[in-house]
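This report refers to the structure that appears directly beneath it.
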Amino acid sequence: MGMTMSEKILAKHAGLERVEAGQLVTCKLDMVLANDITAPPSIKIFESIGRPVFDNEKIALVPDHFQPAKDIKSAELAKIVRDFAHKHKIVHYFEQGRVGIEHVILPEKGIVAPGMLTIGADSHTCTYGAVNGFATGVGSTDLGAAMATGEAWFKVPQAIKVELSGKKPAGISGKDVILTLIGMIGVDGALYKSLEFAGDGVKSLTMTDRLTISNMAIEAGGKAGIFPYDEITAAYVKDRVKKPFEPVAADDDAIYCQVVEINLSELKPVVAFPHLPGNTKRVEDIKEPIAIQQVIIGSCTNGRLEDLQIAAEVFKGHKVADGVRCIVIPGSPAVYKEAMKRGYIDIFIDADCAVSTPTCGPCLGGYMGIMAAGEKCVSTTNRNFRGRMGHVDSEVYLAGPHVAAASAILGRIATAEEVQ
Amino acid sequence: MKLEGKVWRYGDNIDTDVIIPARYLNTFDPKELASHCMVDIDESFAGNVQEGDIMVGGRNFGCGSSREHAPVAIKASGIPVVIAASFARIFYRNGINIGLPLLEIGDDVEKIHADDKLQVDVSTGEIRNLTTGDVFHAHPLPGFVQEIAEAGGLIEYIKNKK
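As they're listed, the protein sequences go chains A and B.
Using the working numbering, the first residue of the first sequence is number 2, and each one after it goes up by one.
Using the working numbering, the first residue of the second sequence is number 167, and each one after it goes up by one.
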């Protein structure tokens, strides 16, 4: 019997010929990641074990959530991470100025690669499935232990095959694909399982689309969201990944617990209504206009150059509507610089957007765009839970960059087509 | 180990943002986290929870962020065990790793209501609803995950193994 992509990566890292869903395995890790919120408790755990770090090149510490420090306590957290990184000579530690959002910079810098096994003390670690790796979120105890041992235990997940057909139409991005999928299977539709993407439709998805899709596998409860390796992956990793890597492909007779089919050519722009990422609705089906007060364009989901390009194309020659504030957050210094070179930042500033240094900031209600009671936001981020972006009576509507930019211009939830 | 306590009952998809909102994540002190636990959906919890009370949720309990601060906040509130129809994966793992037992009982959770009194045997997974007389059995933990739970968490497990 054949194996899925997840099974192949876990088998290899467990030193086994084959594994099957349900099996418990202990695996050697290629990369372990933490941020300024999750690293400090991980470091405390690590120190209680009393061993050296397993490999100072296989630990990534990315202070991106509350940094540049939003308050004194957050500054203390960043200091714990900084001191630890210096003490243990952590190669992939990123100081302000070099730091970007963790799931933007790790693929961008080739720190994660096809076939790699990564755990991160951040639930959106599943992003790296886009480059054909198995990557999953864990807590600080797992992470602290892994910094010492270089290992973690896994239950090999059952897999859901997501068969993509057709071609992505203009005005649709990876965000529409993943919100549509979560709307179909529900926020626990992939609980304990991996999502494995397949089919002809994959080739019409850019690497940015794939990173957005894999990023939100967790919003369906998924343990991982993995794409096959193809020419697009090869072109993306070519000048980024410096170490040798081994891509994986699913066997034709691999076992899936479920198959979900999506015809990309039929997709329409969607938003996820409060307070769950699975409350997906087509924008065209919204009957009563929904006025908004804030738009966020950025995050580990949609903070990449192509996302900013989409937003800039919609914004060109337009202004943010009266009564709306739009905050654009490039996901990394490289994204910021290239967006500036291409004139996107000019477009945003001319449109009256606020442009921020890279940070997770408002996505988790940290800072840099917190909402008051009763306010509504269209956001390219990944969660719209109650109180996620501020006051418990504020609301987040999740969307891709087309809808976010169009909504900022029109002051209500809208598609890019509606912007003249 | 048999536990007895009063039920704090919550619904489906209780996410880690409501268990401990991110605005309180600039600390990882368990007591301080506990003082804000559940505040966005239940302001009465942190001030009124008693040592030994039991938290009960619906499907997909603990979904969302990987923040271990969430199970830590619950444990530091004095809750010795959480029961739910199902748990989100990372929360489940975190609970086991920090020594907070989590019992999954599927649809039987519908037969547990706010303020019911439960008796829970964490090692066998047997749950008695002392208010209604119902008895439930939780799904057992697989393989060495049971050993991690019995050791009191991952760190104790790793130390014992050395």
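For every residue, glycine included, the Cβ atom is placed at its ideal position computed from N, Cα and C.
All values reported here derive from a predicted model rather than from experimental measurement.
Fill in: Cα-Cα separation, V296 of chain A to K9 of chain A
41 angstroms
Worksheet item: D143 of chain A to I350 of chain A, Cα distance in whole Å?
Response: 43 angstroms
Discussion item. What are the residues in the stretch 213–227 of chain A lying within 7 angstroms of chain B by C-beta distance?
Written reply: G222, K224
Item to complete: Check whether the stretch 24–40 of chain A touches the stretch 160–167 of chain A, taking contact to mean three or more Cβ pairs, one atom from each stretch, closer than 8 angstroms.
Response: In short, these stretches do not touch, since the Cβ pair count stays below three.
Discussion item. Rounded to whole angstroms, what is the Cα-Cα separation between N385 of chain A and E396 of chain A?
Written reply: 7 angstroms
Item to complete: Look at the alpha carbon of I180 of chain B and the alpha carbon of K342 of chain A, and state the distance between them as a whole number of angstroms.
Response: 44 angstroms
Worksheet item: For Y94 of chain A, which beta-bridge partners are listed by DSSP?
Response: Y94 of chain A is bridged to A:L62.
Worksheet item: Just by C-beta distance, which residues in the stretch 218–234 of chain B are closer than 8 angstroms to chain A?
Response: R225, N226, C229, G230, S231, S232, R233, E234
Practice prompt. Please confirm if P187 of chain B has its CB atom under 8 angstroms from at least one CB of chain A.
Written response: Nearest CB-CB separation between P187 of chain B and chain A: below the 8 angstroms threshold.
Fill in: Contact set for H305 of chain B: own chain, Cβ-Cβ below 6 angstroms, skip 5 residues either direction
E270
Worksheet item: Given 8 angstroms as the limit, is there contact between the stretch 299–309 of chain A and the stretch 319–336 of chain A, that is, 3 or more CB pairs closer than that?
Response: yes
Practice prompt. Would you kindly report the start and end of the unbroken alpha helix (DSSP H) that includes F253 of chain B?
Written response: No alpha helix (DSSP H) contains F253 of chain B, which DSSP labels as neither H nor E.
Worksheet entry | Within chain A, partners of S252 of chain B - CB distance below 8 angstroms | D189, L192
Discussion item. Against chain A, which members of the stretch 308–320 of chain B pass a CB distance test of less than 8 angstroms?
Written reply: P308, G309, F310, V311, G319, L320
Discussion item. Please confirm whether L191 of chain B has its beta-carbon closer than 8 angstroms to some beta-carbon of chain A.
Written reply: yes
Discussion item. Quick check on H305 of chain B: does DSSP put it in helix, strand or coil?
Written reply: In the three-state DSSP reduction, H305 of chain B falls in the coil class, being neither helix nor strand.
Worksheet item: From the beta carbon of R175 of chain B, is the nearest beta carbon of chain A less than 8 angstroms away?
Response: no
Worksheet entry | Entirely enclosed beta strand (DSSP E) segments - the stretch 253–293 of chain B, minimum 3 residues | 268–270, 283–287
Worksheet item: Using a C-beta to C-beta distance shorter than 9 angstroms, which residues of chain A count as neighbours of I324 of chain B?
Response: Result: I50, A146, A149, T150.
Worksheet item: In the DSSP assignment, what residue or residues form a beta bridge with F135 of chain A?
Response: A:L118
Discussion item. List, in chain order, every chain B residue whose beta-carbon is nearer than 7 angstroms to that of P69 of chain A.
Written reply: The premise fails here: P69 of chain A is roughly 14 angstroms from chain B at the closest Cβ pair, so nothing lies under 7 angstroms.
Worksheet item: Is the CB-CB distance between T181 of chain A and I291 of chain A below 8 angstroms?
Response: no
Practice prompt. Evaluate L73 of chain A with the Cβ neighbour count: other Cβ atoms within 10 Å of its Cβ, from every protein chain shown; 16 or more gives buried, anything less gives exposed.
Written response: Checking the displayed sequence, the identity of residue 73 of chain A turns out to be Ile instead of Leu. Classification of I73 of chain A: exposed, given that the 10 Å Cβ count is below 16.
Fill in: DSSP bridge partner residues for K377 of chain A (one or two, in chain order)
Bridge partners of K377 of chain A: A:E396.
Worksheet item: At a CB-CB cut-off below 7 angstroms, which residues of chain A make contact with D206 of chain B?
Response: R387, G388, V393
Worksheet entry | C-beta neighbour in chain A for F194 of chain B, strict 8 angstroms | Taking 8 angstroms as the threshold, the shortest C-beta distance from F194 of chain B to chain A falls below it.
Practice prompt. Using the Cα positions of S210 of chain B and D287 of chain B, report the straight-line distance between them to the nearest angstrom.
Written response: 27 angstroms
Worksheet item: Just the Cα atoms here: how many angstroms apart are I264 of chain B and T290 of chain B?
Response: 19 angstroms
Discussion item. Quick check on R259 of chain B - is its C-beta less than 8 angstroms from some C-beta in chain A?
Written reply: Taking CB atoms only, R259 of chain B has a neighbour in chain A less than 8 angstroms away.
Practice prompt. Using three-state DSSP, classify S195 of chain A as helix, strand or coil.
Written response: Residue state, collapsed to three classes: strand.
Worksheet entry | Continuous alpha helix (DSSP H) assignments of at least 4 residues falling wholly in the stretch 199–230 of chain A | 208–216
Worksheet item: So which of A:A70, A:L118, A:A61 has the shortest CA-CA distance to K110 of chain A?
Response: A:A61
Worksheet item: Excluding the five sequence neighbours on either side, which residues of its own chain have a C-beta within less than 7 angstroms of the C-beta of G140 of chain A, listed in chain order?
Response: A122
Item to complete: Hey, could you find the ends of the beta strand (DSSP E) I73 of chain A is sitting in?
Response: From DSSP, I73 of chain A is part of no beta strand (DSSP E) but of the alpha helix (DSSP H) over 73–88.
Worksheet entry | T358 of chain A, enclosing alpha helix (DSSP H) - first and last residue | Neither: T358 of chain A is in no alpha helix (DSSP H) and is coded neither H nor E.
Discussion item. Taking the straight line between their C-alpha atoms, what separation do you get for M390 of chain A and C378 of chain A?
Written reply: 9 angstroms
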